[in-house]
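Notes follow once the structure below has been shown.
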Amino acid sequence: MDSANDQQVSPGRLLWHCRRGLLELDLILQRFIEHHLESLTKDQRAELFELLHYDDITLLAIVSGREQCEETRLKGMVDLLRAA
Amino acid sequence: MSVPIRKFDAVIVGAGGAGLRAAIQLSEAGLRTAVLSKVFPTRSHTVAAQGGVAASLGNSEEDHWHWHMYDTVKGSDWLGDQDAIEFMCRKANEVVIELEHYGMPFDRLDSGKIYQRPFGGHMSNFGEKPVRRSCAAADRTGHAMLHAMYQRNVQANTQFFIEWMALDLIRDDAGDVVGVTAMEMESGEVYIFHAKAVLFATGGAGRIYYSSTNAFINTGDGVGMAARAGIPLEDMEFWQFHPTGVAGAGVLITEGVRGEGGILRNSDGERFMERYAPNAKDLASRDVVSRAMVTEINEGRGCGPNKDHVMLDITHLDPATIMKRLPGIREIGIQFAGVDAIKEPLPVVPTCHYQMGGIPTNYHGEVVMPKNGNPSEPVPGFYAAGECACASVHGANRLGTNSLLDLLVFGKSSGESMVEFIKAQPVAHKPLPANAADYSLSRLNRLDTQTGGTAVGATRLAMQRTMQAHCGVFRFKHMLEEGVSKITEIEQQVASTEIKDKSKVFNTARLEALELDNLIEVAKATIVSANARTESRGAHVRDDAIDSPEFPDGRDDANWLKHTLWYRDGNKLDYKPVNMTPLTVDTIALKKRAY
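Here's what the structure looks like:
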């Protein structure tokens, strides 16, 4: 699986990684992307890309606030997603 | 233009439950197997399945595959093929135990055996009382299943092509399937995958509806590709709906909300269920509630600017009760409807959940179509399994937990059939037709050069709203007729979609346009088939086919105990008989479906 470190995170790739197996995540991520994609810094895009590597069940629990993200450096991006 | 060719023994399109199960069979037989997937395999929509997988293991109480078969035939409203249903129910224990051996973390009894729980429609002793038949891994059965099978495939050296979108099926002059064209998203380049056998395991197409529980990836790619390649689609009028999805989002609201006192209201604020079900009111059965909601909307008493939903009201309940008994509901309301359910009612609408019809197959997973007087002649080299296929085990209505079973049983049987077929072939592949990629390239070229066309998003929305209003959970003759005309108009717009971004690398606009090409085939098949079937059966319910002694629940066995086959060419319809002859037991005779 690719990671943020070895590939440039293009907007198209990021958008496609927001396509998920769970509808709830599709909806949350689509809303986030519509409002925030343009304003994300390069580092933030990389953080979002990394977060999108979590499996769907875990990612939904994280963005819904039921679970904490184990990677504390992604906390800022998690907070942005939760607020979206 | 030359297109690069990749050669494999088998190509599987789709890496959800069915595709992964089939791939295990092929790779472990030593065949070179490619699996193409739009998304990473464990992000397939199978991940959303929570309820479990049905198998008459009898770990907690007596059970038998024959009882399971009876429930499935009855659930299907007798439209399911009884040979395929017997096959599936008899194979259930084997595939569940295999899955356990792959590492699936099923919930367990103290004895160490797989724990089983009851599920709607699953009964013991031919419909007598509920039975514990569902095997689950907490509420993440689909998730655990994908992980176990993906790992097994990695061990077996299955070659995954992740973030590849299949474009078209390749058939030679004889009609045999010899491969697919596919696009690598990262480069936008088109390749030919040349194969001795191709399996479609692309899932359902629930995104044809405005309100759907399906993830955005469920765009019926395999079904659309099959239709474009001249394969008929079977029983596409049958779609399972849930009465209360959040309007505009599709996220399900559990029936428990009405159980706790939630009330459905129309635009006048009226508790309309009192008129439709004076006793049960809001707790009437799913179909009664769904029909009442649709009738209110159709008669102009829907809510919102488009008057296209009703309201689920729990504002009269004590907030402490809501927080205690329905903790998730407030979160869903805030997140997906922008509404705090403690203070305001939630917008809800009957929501599409599952596609019963699909690419016609037999229980070996071979795609079949009428030829030379045989209604079910296999198409050499072509296989389908899972929600995109119609075996047909779900008939007019699917039982809960039978979808994961379908994936496992027909994933495996199609894999076995492919192994047998491939090993019987000469060493060399059948040659590709000279123009193998031309059709796909012309579709892409049209998108790249289209000017003055329609926008993809708006066209998709028009299709979804039309399907929701004209061919939803409860169907009306005049609405269906009008809907056929509207979808035909929208089809013209789909043929001239225009994308502004012509770039190649991860161009999501192009991908969505290609997905819409597939969705519109499913929408046409659905509404044309539904318009023609003038009875009510299972999930296909019409207001002009109502309950009477001659036609129980509006079902007309004399004229409609048959499978629909829709052909893309000319929107033509054909029919084939339902297989009422099981493999080893007596026919489960027709009767009214009552619980």
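These protein sequences, in sequence, are chains A and B. Residue numbers for the first sequence, in the numbering used here: 755 to 838. Residue numbers for the second sequence, in the numbering used here: 742 to 1336. Heads up, the beta-carbon is just placed ideally off N, CA and C, and yes, glycines get one too.
- Contact between the stretch 1085-1103 of chain B and the stretch 908-927 of chain B is absent, with fewer than three C-beta pairs closer than 8 Å.
- Per the coordinates, the alpha-carbon of residue 1010(B) lies some 24 Å from the alpha-carbon of residue 982(B).
- One thing to note: residue 1063(B) has its Cβ no nearer than 9 Å to the Cβ of residue 1087(B).
- Within chain B, the residues placing a beta-carbon under 8 Å from that of residue 811(A) are 788, 881 and 884, ordered along the chain.
- Among the bridge pairs identified by DSSP, residue 1102(B) is matched with 1108(B).
- DSSP places residue 791(B) in the coil class of the three-state scheme, outside both helix and strand.
- Not a single unbroken stretch of the alpha helix (DSSP H) spanning 4 or more residues falls wholly within the stretch 834-893 of chain B.
- Within the stretch 742-771 of chain B, those residues whose Cβ lies closer than 9 Å to any Cβ of chain A are, in chain order, 757.
- Residue nearest to residue 1091(B) within the set 894(B), 1215(B) and 1289(B) is 1215(B) (criterion: CA-CA distance).
- Under a criterion of Cβ atoms nearer than 9 Å, the residues of chain B adjacent to residue 818(A) are, in order, 1072 and 1076.
- Listed along chain A are 777, 778 and 781, each with a C-beta nearer than 9 Å to that of residue 990(B).
- A straight line joining the alpha-carbon of residue 828(B) with that of residue 837(A) spans about 50 Å.
- The alpha helix (DSSP H) runs of length 4 or more contained entirely in the stretch 946-975 of chain B are, from start to end of the chain, 962-969.
- Distances from the CA of residue 944(B) to each of 1023(B), 1026(B), 1096(B) and 912(B) were compared; the closest alpha carbon is that of 1096(B).
- Interface flag for residue 834(A) against chain B is unset, since no Cβ pair is found closer than 9 Å.
- The Cβ of residue 784(A) sits closer than 9 Å to at least one Cβ of chain B.
- It is roughly 25 Å from the alpha-carbon of residue 895(B) to the alpha-carbon of residue 908(B).
- In the DSSP assignment, residue 1052(B) falls within the unbroken beta strand (DSSP E) covering 1051-1054.
- Only buried fits residue 1144(B), as 16 or more other CB atoms lie within 10 angstroms of its CB.
- Taking a Cβ-Cβ threshold of 7 Å, the residues of chain A close to residue 958(B) are 773, in chain order.
- At a cut-off of 4 residues, the continuous stretches assigned as alpha helix (DSSP H) that sit fully inside the stretch 1287-1333 of chain B are 1298-1301.
- If you check the CB distance, residue 1107(B) and residue 1116(B) do not come in under 9 Å.
- Residue 932(B) is bridged by DSSP to 923(B).
- In this structure, the CA atom of residue 808(A) is about 20 Å from the CA atom of residue 1076(B).
- Residue 802(A) is outside the set of residues whose beta carbon lies under 9 Å from a beta carbon in chain B.
- Judged by DSSP secondary structure, residue 785(A) falls within the alpha helix (DSSP H) whose first and last residues are 777-790.
- In the DSSP annotation of this structure, residue 1149(B) is not part of any beta strand (DSSP E); the continuous alpha helix (DSSP H) holding it starts and ends at 1143-1164.
- Its chain contains 1197, 1201 and 1235 as the residues whose beta carbon lies nearer than 6 Å to that of residue 1257(B), once the 5 sequence neighbours on both sides are disregarded; these appear in chain order.
- Nearest C-alpha to residue 1133(B) among 767(B), 818(B), 762(B) and 766(B): 818(B).
- Residue environment for residue 1272(B): buried (at least 16 other C-beta atoms within 10 angstroms of its C-beta).
- Chain-order list of chain A residues neighbouring residue 943(B): empty, with the shortest C-beta distance near 14 Å, by a criterion of under 8 Å.
- Taking C-beta atoms as the reference points, residue 807(B) and residue 1326(B) count as a pair closer than 9 Å.
- The C-beta of residue 794(A) comes no closer than 9 Å to any C-beta of chain B.
- Taking residue 936(B) as reference, the option from 1003(B), 942(B) and 1169(B) with the minimal CA-CA separation is 1169(B).
- At a C-beta separation below 8 Å, residue 769(A) has these neighbours in chain B: 1247 and 1249.
- Where residue 803(A) is concerned, the enclosing alpha helix (DSSP H) starts and stops at 796-805.
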